[in-house]
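Asks: Note that my numbering gives residue 597 to position 342 of the sequence shown, counting from 1, and the numbers run on in steps of one. We treat Cβ as the ideally placed atom computed from N, Cα and C, and that holds for glycine. No experiment lies behind these values; they were computed from the predicted model shown.
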Amino acid sequence: MQNVIRQLSLLVFLLFSTTVLCAQDTPLDIVYLQSGLQVKGIIVEYKPDAYVKLSKEGSGQVVTYPIEAVVKIEQGGAASRTESAIQEPVLSQVELKNGTTHRGVIVDYDQDNAIKLRLENGRELTFETDEIEKITAPQPTPIKVRSDADSRRRARRLRLEEWRVQQKQPRVKPAYAFRETGRFHTTSFSFSFGRRENLVAPDPVFFPQPTTTRNSVGFNLQHIYGQQFSRMVGVGLGLSYDAYDLEDGESILTPFVHYRGFLNQKNVSPYVAANAGYGFALLRREQGVIQADGGIMFNPEVGLRLGGAEKANFMMGLGMRMQKAYYVTEEPFSGNIIYRDLWYRRIMMNISVTF
C-alpha cells in the first residue's frame, strides 16, 4: 500500500512540474508605449495600421492600444519594429527632483537604470531613474473599431463634403488656343430642306406648262482644305456631294471656293462663311434620269464655333444653298418624258469639325 501511495505522489509531482515548466517556457510579448510604459502579456490581435490587443500578464485583461501610441513590440523576446511608421511622436514631460522640467520624445526607457529624452530642438538628454520625480505623457486610450454601417455613413459624409468643396471652387475655363493662322481642314455633314420645282411638258419651249412644287429633303457632305491668314480671313477649296432629292435621285458634285471668318477671340465664337462654285449633275439611269446638267452654286452660312482648342473644334451652322440644275426623266411605266428645270433653294443645317 505504501508503494502505491509513493507512486501516486511521484506521478502528481511530475505532472505539476511539467505544467510549471510549460508555463515558464511560454514567452510573453512586450508592448513598448510612447509614454515609456512597458506592458507584458500575450498579443491576441494585431492590425499594423490600426491597433494591438494585449492580454495583460497576471490579470488576463484584454486592453486595446492604438498603433500611434506604440513604439515597438517584442514578440517572445525578439524585438521587431511595428510596420506603420510613427508620423507624429507623442511628447512626454519629465519632471526631475531638482525642480526642472524637460519636454520631448522618450527614445529609450529602462525603469531600473535611465531614460533618454529627445527634446523638441533635437538634443538628447539622459536622466538616471533616481533623478526623476515623475513622467507625464498622454496615455493610450482604447480605440473604437467602426462597424460597417459607421464606415458607410462616414464615406457618404466625406463624399458630400468633397462635393461641396468642388461646388465652391471656381470653374476654370479652357484656354483659348485656336490657330488663327495656318492651314486647316473642315469636314461637314448637313441636312437640306426645301421645295422642289417641276416643269412638266413634252417640250418646255413650245408647250410650256405651269410649275408645280412639293417638299423635298436631302443631305450634303463636303470637305474643305484652306489657309487661314487671320482670324477674319480664311480661304480654301472644297468639294461637296449634294443629294437634293432622295426620292428621285437628284444629286450634284460641286467643286467650290470657300471663305470663312471668326468674329471674336473666344472659345465659343460666331463665324460667317460662304461657298461659290459650279455643280455637275450626276446621271441616275436606274431611276429614269436620262439627262442631267448642273449649274452655278452659292451658299452663305452663319454659325458658332464650339471650342477654342489648338487641334480640333466643332462648329454648327445654318445656311442657304442655291443651286442651278436641269434634269430629263423618263417615267418607267408610261414612258412620259419629264423636264425639270430647277433652281434649288435649300436651308442647310450642318455640323462640322475643323482641324
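For the stretch 530-540 against the stretch 553-562, are there 3 or more C-beta pairs whose distance is under 8 Å?
Replies: Output reads yes: the stretch 553-562 touches the stretch 530-540.
Asks: Take residue 579 as the anchor and find which of 600, 550, 328 and 562 has the nearest alpha-carbon.
Replies: On the sequence shown, residue 579 is found 324 positions in, with the first residue counted as 1. The option with the nearest alpha carbon to residue 579 is 550.
Asks: So, with DSSP's three-state summary, where would you put residue 323?
Replies: The residue given as residue 323 occupies position 68 in the sequence shown. DSSP places residue 323 in helix when its eight states are reduced to three.
Asks: Is it buried or exposed for residue 483, if we count other Cβ within 10 angstroms and need 16 for buried?
Replies: Residue 483 sits at position 228 when you count from the first residue of the sequence shown. When all chains shown are included, residue 483 counts as buried.
Asks: Taking the alpha-carbon of residue 539 as reference, which of 584, 383, 519 and 526 has the nearest alpha-carbon?
Replies: As a first step, residue 539 must be located in the sequence shown, where it is residue number 284. Nearest of 584, 383, 519 and 526 to residue 539, Cα basis: 584.
Asks: Just the C-alpha distance for residue 534 and residue 474, rounded to the nearest angstrom, thanks.
Replies: As a position in the sequence shown, residue 534 is number 279, starting the count at 1. As a position in the sequence shown, residue 474 is number 219, starting the count at 1. Cα to Cα, the separation comes out at about 15 Å.
Asks: I need the DSSP call for residue 609, collapsed to helix, strand or coil.
Replies: On the sequence shown, residue 609 is found 354 positions in, with the first residue counted as 1. Three-state result, residue 609: strand.
Asks: Tell me whether the beta-carbon of residue 504 lies closer than 8 Å to the beta-carbon of residue 546.
Replies: For this step, residue 504 is matched to residue 249 along the sequence shown. For this step, residue 546 is matched to residue 291 along the sequence shown. No, the pair does not count as a contact, with Cβ atoms beyond the cut-off.
Asks: Helix, strand or coil: which one does DSSP assign to residue 374?
Replies: Your numbering for residue 374 matches position 119 in the sequence shown. In this structure, residue 374 counts as strand in the three-state DSSP scheme.
Asks: Take the Cβ of residue 349 as the centre, count every other Cβ of all protein chains shown within 10 Å, and call the residue buried at 16 or more, exposed below.
Replies: On the sequence shown, position 94 is the one that residue 349 refers to. When all chains shown are included, residue 349 counts as buried.
Asks: With residue 490 as the anchor, note down where its beta strand (DSSP E) starts and where it stops.
Replies: As a position in the sequence shown, residue 490 is number 235, starting the count at 1. Looking at the DSSP string, the run of the beta strand (DSSP E) that includes residue 490 is 489-500.
Asks: Here's the rule: buried if 16 or more other CB atoms are within 10 angstroms of the residue's CB, otherwise exposed. What is residue 225?
Replies: Since the first residue shown for the chain is 256 and the last is 610, residue 225 is missing from the structure and cannot be characterised.
Asks: Less than 8 Å separating the beta-carbons of residue 522 and residue 599?
Replies: Position 267 of the sequence shown, counting from 1, holds the residue named residue 522. Position 344 of the sequence shown, counting from 1, holds the residue named residue 599. No, they are not a contact pair.
Asks: When burial is assigned at 16 or more other CB atoms within 10 Å of the CB, is residue 567 buried or exposed?
Replies: By one-based count along the sequence shown, residue 567 stands at place 312. Under this definition residue 567 is an exposed residue.
Asks: In the structure shown, what three-state DSSP assignment does residue 386 receive?
Replies: As a first step, residue 386 is located in the sequence shown; it is residue number 131 there, counting from the start. Three-state DSSP puts residue 386 in a helix.
Asks: Do residue 526 and residue 537 count as a contact pair if the criterion is CB distance below 8 Å?
Replies: Start at 1 with the first residue of the sequence shown, and residue 537 comes out as number 282. Start at 1 with the first residue of the sequence shown, and residue 526 comes out as number 271. In this structure, residue 526 does not lie closer than 8 Å to residue 537 by Cβ.
Asks: DSSP on residue 486, reduced to helix/strand/coil?
Replies: For the purposes of this step, residue 486 is taken as the residue at position 231 of the sequence shown. Coil at residue 486, not helix or strand.
Asks: Does DSSP put residue 410 in a helix, in a strand, or in coil?
Replies: Numbered from 1 along the sequence shown, position 155 holds the residue referred to as residue 410. Helix.
Asks: Please say whether residue 602 and residue 575 have beta carbons closer to each other than 8 Å?
Replies: For the purposes of this step, residue 575 is taken as residue 320 along the sequence shown, with counting starting at 1. For the purposes of this step, residue 602 is taken as residue 347 along the sequence shown, with counting starting at 1. Contact flag set, yes.
Asks: Kindly indicate which three-state DSSP category residue 419 falls into: helix, strand or coil?
Replies: For the purposes of this step, residue 419 is taken as residue 164 along the sequence shown, with counting starting at 1. Residue 419: helix per DSSP, three-state reduction.
Asks: Flag this pair as yes or no: are the beta carbons of residue 508 and residue 472 separated by less than 8 Å?
Replies: The residue given as residue 508 occupies position 253 in the sequence shown. The residue given as residue 472 occupies position 217 in the sequence shown. Result no, Cβ atoms of residue 508 and residue 472 do not sit closer than 8 Å.
Asks: Short of 6 Å in beta carbon distance, which residues of its chain neighbour residue 329, apart from the five on each side in sequence? Order them along the chain.
Replies: Against the sequence shown, residue 329 aligns to sequence position 74. Closer than 6 Å at the Cβ level, and outside the excluded window around residue 329, lie 285.
Asks: Short check: CB of residue 516 to CB of residue 489, under 8 Å?
Replies: Residue numbering aside, residue 516 sits at position 261 when the sequence shown is read from its first letter. Residue numbering aside, residue 489 sits at position 234 when the sequence shown is read from its first letter. Their beta carbons are under 8 Å apart, which means residue 516 touches residue 489 by this criterion.
Asks: Classify residue 316 as buried or exposed, calling it buried when 16 or more other Cβ atoms lie within 10 Å of its own Cβ.
Replies: Locating residue 316 in the sequence shown gives position 61, where the first residue counts as 1. The residue is exposed, with fewer than 16 neighbouring Cβ atoms inside 10 Å.
Asks: If distances are taken between C-alpha atoms only, which option among 351, 408, 412 and 564 comes closest to residue 388?
Replies: On the sequence shown, position 133 is the one that residue 388 refers to. Nearest of 351, 408, 412 and 564 to residue 388, Cα basis: 351.
Asks: Taking the alpha carbon of residue 356 as the reference point, which residue from 363, 368 and 372 has its own alpha carbon closest?
Replies: As a first step, residue 356 is located in the sequence shown; it is residue number 101 there, counting from the start. The shortest C-alpha separation from residue 356 is found at 372.
Asks: Looking at C-alpha atoms only, which residue of 499, 486 and 359 is the closest neighbour of residue 217?
Replies: Residue 217 lies beyond the residue range present for the chain, which begins at 256 and ends at 610; the question has no answer from this structure.
Asks: If you check the beta carbons only, do residue 486 and residue 520 fall under 8 Å apart?
Replies: Here residue 486 refers to the residue found at position 231 of the sequence shown. Here residue 520 refers to the residue found at position 265 of the sequence shown. Closer than 8 Å, so yes.
Asks: Assuming residue 514 and residue 506 are in contact, meaning their beta carbons sit under 8 Å apart, how far apart are those beta carbons, in whole angstroms?
Replies: Within the sequence shown, numbered from 1, the residue matching residue 514 stands at position 259. Within the sequence shown, numbered from 1, the residue matching residue 506 stands at position 251. About 25 Å; that fails the 8 Å criterion.
Asks: Could you tell me if residue 589 is buried or exposed, where buried requires 16 or more neighbouring beta carbons within 10 angstroms of its beta carbon?
Replies: On the sequence shown, residue 589 is found 334 positions in, with the first residue counted as 1. With fewer than 16 Cβ atoms within 10 Å of its Cβ, residue 589 is classed as exposed.
Asks: Measuring alpha carbon to alpha carbon, tell me which residue in 412, 322 and 295 is nearest residue 305.
Replies: In the sequence shown, counting from the first residue as 1, residue 305 sits at position 50. It is 322 whose Cα lies nearest to the Cα of residue 305.
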